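When we follow this note's numbering, the leftmost residue of the sequence shown carries the number 1, and every step to the right adds one.
Heads up, the beta-carbon is just placed ideally off N, CA and C, and yes, glycines get one too.
No experiment lies behind these values; they were computed from the predicted model shown.
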Amino acid sequence: MRLLFRSRIRHPLYPGLTATPAGEAQGPCTAVAGTLPELVQAAARGVRARRAIFALHHPGAAVLTETERDALWQVYQVPLYVLLLDGGGRVLGYECEAQEGLHLGPHARAENGVLEAGPCPCGRPGPRLVDGGGLRGAYGGHGTREKSPSGHLLLLFQRAGIFVK
Ligand SMILES: [Zn+2]
Numbered sequence: 001m002r003l004l005f006r007s008r009i010r011h012p013l014y015p016g017l018t019a020t021p022a023g024e025a026q027g028p029c030t031a032v033a034g035t036l037p038e039l040v041q042a043a044a045r046g047v048r049a050r051r052a053i054f055a056l057h058h059p060g061a062a063v064l065t066e067t068e069r070d071a072l073w074q075v076y077q078v079p080l081y082v083l084l085l086d087g088g089g090r091v092l093g094y095e096c097e098a099q100e101g102l103h104l105g106p107h108a109r110a111e112n113g114v115l116e117a118g119p120c121p122c123g124r125p126g127p128r129l130v131d132g133g134g135l136r137g138a139y140g141g142h143g144t145r146e147k148s149p150s151g152h153l154l155l156l157f158q159r160a161g162i163f164v165k
């Protein structure tokens with residue numbers, strides 16, 4: 001997991017960010033990464049989120065359920081944004097603070113899903129994927145997959161001010 005986060009996944013808005021594995025997190029961290037159970041355990045050890053959680057969705061993996069989202073809200077109480085990845089860990093789309101669709105990353109293929117070309121309330125240009133069904137199936141089933149045991153990886157920003165408009 002450490003290799004995955006430190007060498008491959010780059011959030012378009014925070015390309016220089018590195019995440020500490022949740023099991024090793026203690027003291028001030030810029031970001032913490034782990035599966036849902038790992039992040040819940042980290043919260044029990046005192047890890048707190050100050051800005052946001054990013055849910056990393058790999059092709060073919062299940063999306064977070066409402067129950068899982070509720071569990072994360074209960075322990076961290078910060079907004080959760082989706083980061084849609086391809087089989088190589090490249091960002092296909094990302095949810096911004098407006099949460100009105102996924103902004104497309106440079107590697108996105110938009111042949112599936114519904115695109116919204118109008119301006120996003122966040123002010124960032126470019127089309128957005130607005131069909132939620134695209135999250136589940138449109139990009140799934142191709143390439144090699146890396147999955148966490150639960151099917152999700154989560155990136156948790158801890159430092160105040162890191163999530164800026
Ligand atoms: Zn936006």
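| Is Ala108 buried or exposed, if buried means 16 or more other CB atoms sit within 10 Å of its CB? | buried
| Which ranges does the alpha helix (DSSP H) cover as unbroken runs of at least 4 residues, wholly within the region 22-74, from first to last along the chain? | 36-44
| message | Could you check whether Gly105 and Arg90 sit closer than 9 Å to each other, using their CB atoms as the reference points? | response | yes
| Based on the DSSP secondary-structure assignment, which residues constitute the bridge partners of Leu80? | Ile53
| message | Can you tell me whether Ala117 sits near ligand 1, meaning its C-beta is under 8 Å from at least one heavy atom of the ligand? | response | no
| task | With hydrogens ignored, establish whether the beta-carbon of Cys29 is closer than 8 Å to any heavy atom of ligand 1. | result | no
| task | Spell out a yes or no on whether the region 58-66 and the region 25-33 are touching, meaning 3 or more CB-CB pairs, one atom from each, closer than 8 Å. | result | no
| message | According to DSSP, Gly93 sits in a beta bridge with which residue or residues? | response | Leu84 and Leu104
| Three-state class that DSSP yields for Leu10 in the structure shown | According to the sequence displayed, residue 10 carries Arg and not Leu. If DSSP states are grouped into helix, strand and coil, Arg10 belongs with coil.
| request: Rounded to whole angstroms, what's the CA-CA distance from Ala98 to Pro127? Just pull it up for me. | output: 14 Å
| Assuming Ala49 contacts Val82 under a Cβ cut-off of 8 Å, what Cβ separation, rounded to an integer in Å, is found between them? | About 16 Å; that fails the 8 Å criterion.
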